[in-house]
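Working notes, structure below.
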Amino acid sequence: MPSNETSAAVQAGNGIRRRSLLKWGAALGGVAALTGGGLFFGLKPVNGSPGKKEELFWTACTVNCGSRCVLRAHVIDGVITRIETDDTGVDVYGQHQDRACLRGRAMRHRIYAPDRLKYPMKRVGKRGEGKFERISWDQALDEIAARLKKTIETHGNESVYINYATGCTGSVMSDSYAPASTWLGRLMNCLGGYLNHYGTYSTAQIARALPFTFGGSSVNGNSFADIVNSKLVVLFGNNPAATRMSGGGQIYDIVKSREKGNARFIVIDPRYTDTAVSLADEWIPIRPGTDAALVNGLAYVMIGEDLVDHDFLTRCTVGYDEDSMPEGVPEGNSYKSYILGQGADKTPKTPAWAAAITGIPERRIVQLAREIAGAKPCYVVQGWGPQRQASGEQISRAICMLPILTGNVGVQGGNNGARESGVSSTFARYPTLTNPVKTSISVFTWTDAIERGPEMTATADGVQGRDRLVAPIKFIWNYAGNCLVNQHSDANRTARILGDEAKCETIVVIENFMTPSAKFADILLPATTCAEEDDFADGAYTAAMSYLIFARKAIEPLFESRSIYDVCAGVAKRMGVEQAYTEGRSRDDWVRWVYGETRKKYPELPEKVEDAFAMGIWKKERAGLPAVPYKDFREDPETNPLKTPSGKVEIFSKQLWDIAETWTLPEGDRISGLPEYNPTWEGVSDPLREKYPLQLIGHHYKQRTHSTYGNVDWLKRVAPQELWINPADAEARGIKHADMVKVYNDRGTVLIPAKVTTRIMPGVLSLPQGAWFAPDKDGVDHGGCVNVLTSLRPSPLAKGNPQHTNLVQVVKA
Amino acid sequence: MLGNEWSLVLFTILVQTAAGLVVVSETARRAGDVHSPRQLSWQIPGACGLAALGLLVSLTHLGSPQNSVLAVANLGDSWLSREILATSVFFLASLALAMVRWKRPERSASGLGILAACLGLADVFVMSRVYQLPAVPVWNTVATTLGFFGTMFLTGTLATGVLFSIQSRQAQQGDPQAAQQRTRLVGVLFVAAVLGLALKLIGLPLDMIALSAADNLGTSGVSLLASAGTGLLVMRLLLVLAGAAIFAWVAMRILAGRSAALVQASLVALCLVLAGELLGRFLFYGSYIRIGL
Amino acid sequence: MQKRLAFHLDMNACTGCKTCMIACIDKNDLADGVLYRRVSEYTGGDWIRNADGTYEQNVFSYYLSISCNHCENPICVRSCPTTAMYKDENGIVSVNPEKCVGCRYCEWGCPYSAPQFNAELGIMTKCDFCRDYLDLGKPPACVAACPTRALTFGPYQELLDKYGQAQLVAPLPDTAITQPNLLFTPSRKAQPAGSRNGKISNPEEV
């Protein structure tokens, strides 16, 4: 390369080299062809090159991470050349910048990824093989309409399912979740409805369980801002450094609160997480699925040493001791009886008992109980990892027992044990009409509904809205989601279920990339990314500041990509419901409609949407002290009762007791009125450990948001997919750092390099969830997809995904 | 980390052999007290060839060889600049020496010879300084200098010896003056070889100390020595010792006035020593462990 | 422009998220194998299994986000044979691509891995403190990116006054070698320089 060009490449402020752009050009062959190769030419951004004006557009990252970030695209000649984030204002906490994490900053290589879908395609090989042929949009929409019509006629609307899909969950105008807030939902509602689902892959167990204890439809904790008022913070598997990574969001909140306050931090987790790295004063490693056993041991000490808050327990709870039990429950079922060994199991839950299960030394359990009980106030908070277990409902309720016993519910600086909450601002939503179908299944049981739909009942399978399903799933819509294979469990079995075309007859996937799920499409449609259309995004809930994001179209849709609104409008037209679906509005009209409605909520927003787009982000500082949920209740439980049957915190839930009496559960599953520790299948005490001795979890990892961004080269470079393994387990198997290893159980095999690290407990492995399933011809996965090893068996109550409950073996490959 | 620096392995060994050829043969020439012994006539042109080859090979190490003329721009601070200058000057002096003796065989050009030899010594010293980086403790010892001079004496002596044995085949067996010269020359070679071996052996424990100190630094470097174990180190020593032993035998035979099979034997000795030195140099680059991140 | 700029890393806030690395890669469009800023993971500690099957451990871990420290005594500048590596009037160390011969000698000697060889261009490349951004009054890309504000920058003396003198945690080299313009707010996990309690545990990522 001539040196002058070298010079330009290295010194140019814009830093883009033509070579790279040509590489994209090659990857995106279609564009180069369509534009005669001119699109990418001359983009070597020599400063001040004439006619190459750089434009800036605010856009957003709208994936399902729990944070939400504004991005700023630098565009030259219709091509994004750089991504920046919020750099507005003075960056004072409370009005701080909403700085994107590494993933948002890699958006350029996501938008221009080589596996970007270019045009509508139709499957030509076997389902799942990934063989497609290009078709026109008209043909694709005609075919979808014809198949949908036939499915509804033959099997009814309850055979049509909109799969859980959160790839665009942060988007307002192209939202992918929940179905009832999407254009797909609106389309299906125009056509007679669809089979719905309840729960999420993130929170199935906890979201179902905690309302039994605290009442209401959702249970929120104090925000991270309140930590400044705490003496002690105990995080159960809560890892905002990996799950809430935005600089406008929770990780910054918790870092700031720790800095401003004086609390000691304890992280209880099988891994020494990135949150523990920066924040923890102490890490207490615990075996996965045993948090409830730890809580029991702590409760035993608190009760035995009389460290519990009798006033709170008496005034505000039921089920603590035999005096506060609901009617109709036999003697010996109170919490105190259970803990002290006076209940049915006759087992005192001593620290020694808990130590044997959790792997935490007895002495440490005793000390921890005293520490938690002695710190006033104490902020106990759980993430959603502990509940993603075979008995996760019980675990999530058990963790809340610590604040309940110590009276830390409803106080400033305390927490009820649920996940932190915060403040947020939200856009108005376009109407999606009403779903005439009231039937709903658990988010995790759709493969079951394909295989044996009408066999599924309310009391055996958690069907809601009907006693029994009326039809198996025959048609699946899958827009912006990878739960079709990758993020569902038991990928091999799921692939076999989907592979049977006689069962589910039609799968329509609308995507940006050739994901493992996209390969299972019958019709595969290319969708726009956020940067290719006007959009809005609600700010994530955070501790100190709420915000709204206005994401303007930065570049033209790549190739033949279309917005989900237009895809649905195309189907609606062919199904004869165009007017009902569009109400005569284009997508752009709906953008303005939504903005207008939003301005009614926030009159201080600019009058014109164009001005909002130019502004990019709008922020509102939280007023006053951080909110304290359950404060009113705690102060006066009679006047401000909870929405539980007793109006109080239900340590013992009669509702659950009754469910346990009436539901049909498989051998080994248990639902109980108390938040007990349940040994489970593939848990620490399962005899299967003879064959598969190691517990496997799948932590959230900075490389991806679930599986989103899993194809981006930059992110794979800085954060490669690796299996975490303790040196003790590695040495016993002759495994060295970076060795290729084979992780397997009866469900499948994954080949992946080992990260030998003391940061994980002996006996436990972790394979970060979300890596893309890449099976070879023998079915061995080379992508590192943890769901090759996870089970389709749902949890007892929520029928949720227990994706951290797995036993495996590992050997050197 | 730098286990694949084959161009630098070749460059340093070639140039050090060239310097050894000049230093040893010029010393032998003076010790032999002869103006232009036939047996010592190819060493200087040989050295020029090796040095030129070394310089050419070193270019392949560069990412942008077109800028290589700039590489002597930082003599004030950079040992690398000095190395390039020192090697070039040594090469030019040796070339001049070879030209003078070729054009005017009757002249001993001993002044120029001494100059070339001194420049060779200086070059080897400068080369060793290139590697004495504070961030690379394994290299940053006098053992690097000793090792480089050891290589120079060993390979230089053996190369001198090989050429000498080839040329000695035509020497008249009965000439007492030639025999006396031979004895002196062989004596010089013998001393040089012993010196080279001794430098190697002194450097060895220093190397080991530095290595063990650098080991477990918790740094990013991955030592080739650590991974390949001491097996390679032992093999390398055995090669050099075997070569030296054969060379000693050759020297005794020459002293005894017998020349049969000496060329082949001395060639074998040179090859063994060169193989040992190549291996040793790969290990040297492989032992690159840098402190820090 | 300010003279003698330095980076500061608050170890209590750095979660090792690597946003700084991606911001840098995007801004400079870095080729494969080239990283101007690297986040090293330094981990140590041991596990002991008790007789009852429970575990004791003293594990610690922390991340160090390090780019070029634009040292006061830059060994890369001193060792560069061509003078391609230079420290400008503001103290920023960078490579003149017109002069660089691609010998990688600067790479050998820098204890921070700052000079990075670009195989396609055949020359060394490195962090230039986003000189173009500084000229526009903007912070460097990595600093502007940091979600937890762990990474900051400013004139060396200002940072020194604000954060104190801490410059050295394991496994960083003796500051006497190059006098780096790099300051830390150490966390309680920070190990002293020269400590052998831990090691860099993500060599494949840096």
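Protein chains in written order, with numbering that gives the first Met the number 0: chain A, 0 to 812; chain B, 0 to 292; chain C, 0 to 205.
The C-beta atom is built at its ideal place from N, Cα and C for all residues, glycine as well.
Three or more beta-carbon pairs drawn from the region 269 to 279 of chain B and the region 7 to 17 of chain B are found closer than 8 Å, and the two stretches are therefore classed as touching.
Contiguous alpha helix (DSSP H) elements confined to the region 164 to 206 of chain A occur at 182 to 189, taking only those with 4 or more residues. For B/V88, not one C-beta of chain C is nearer than 8 Å to its own C-beta. For the region 603 to 680 of chain A, the continuous beta strand (DSSP E) assignments of 3+ residues that do not extend past its boundaries occur at 616 to 620, in sequence order. Secondary structure of A/P774 (DSSP, three-state): strand. Around the Cβ of A/G127, a 10 Å sphere holds 16 or more other Cβ atoms; the residue is buried. Interface residue (Cβ-Cβ distance to chain C less than 8 Å): A/E258 is classified as such. Look at A/N414 here: in three-state DSSP terms it is coil, with no helix or strand label. When rounded, the separation of the alpha-carbon atoms in A/R467 and A/E666 is 21 Å. Where A/C567 is concerned, there is no enclosing beta strand (DSSP E), although the alpha helix (DSSP H) around it starts and stops at I563 to R573.
Between A/I364 and the set A/A353, A/V779, A/H487 and A/K125, the nearest pair of CA atoms involves A/A353. For A/E392, the uninterrupted alpha helix (DSSP H) run begins and ends at G391 to T405, by DSSP.
A direct Cα-Cα distance of roughly 25 Å separates C/V38 from B/G285. Listed along chain C, the residues sitting closer than 7 Å to B/R289 by beta-carbon distance are P110. Remark: C-beta atoms of A/A553 and A/V89 do not approach each other more closely than 8 Å. Between the region 741 to 753 of chain A and the region 769 to 786 of chain A, the count of Cβ pairs shorter than 8 Å is three or higher; the stretches touch. The contact set of B/N73 on chain C, defined by CB atoms closer than 7 Å, consists of C79, P80, T81 and T82 in chain order. Here A/R792 is buried, its C-beta having at least 16 other C-beta atoms within 10 Å. A straight line joining the alpha-carbon of A/A164 with that of A/S175 spans about 6 Å. Take B/P44, set aside five residues on each side of it, and the residues of its chain with a beta-carbon closer than 7 Å to its own are A97, in chain order. Taking each of B/F124, B/R28 and B/V68 in turn and checking the Cα distance to B/A108, the smallest one comes out for B/R28. Residues of the region 105 to 130 of chain C with a C-beta less than 9 Å from any C-beta of chain B: W107, G108, C109, P110, Y111, S112, F116, N117, A118, L120, G121, I122 and M123, listed in chain order.
If you draw a 10 Å sphere on the C-beta of A/M244, you find 16 or more other C-beta atoms in it, and that means buried. For C/R48, no CB of chain B lies under 8 Å from its own CB, so it is not counted at the interface with that chain. Fewer than three beta-carbon pairs drawn from the region 502 to 521 of chain A and the region 531 to 541 of chain A are found closer than 8 Å, and the two stretches are therefore not classed as touching. In this structure, the beta-carbon distance from C/T147 to A/Y251 falls below 8 Å. Ranked by how close their Cα comes to the Cα of C/W107, the residues B/S24, B/V249, B/R81 and B/A134 have B/A134 in first place. In the structure shown, A/I161 adopts extended strand secondary structure according to DSSP, grouped into three states. Check the Cα spacing between A/W282 and each of A/V294, A/D268 and A/P767: the tightest is with A/D268. DSSP places B/F147 within a helical segment (H, G or I) once states are collapsed to three. Between the alpha carbons of A/K618 and A/R67 lies a gap of roughly 13 Å. Assignment of C/R148 by DSSP, reduced to helix, strand and coil, places it in the coil class.
In this structure, the CA atom of C/C109 is about 6 Å from the CA atom of C/C75. Counting other Cβ atoms within 10 Å of its Cβ, C/G163 stays below 16 and is therefore classed as exposed. Contact between A/A397 and A/I356 is absent: CB atoms are separated by about 12 Å, not below the 8 Å threshold. If you check the CB distance, A/A770 and A/T58 do not come in under 8 Å.
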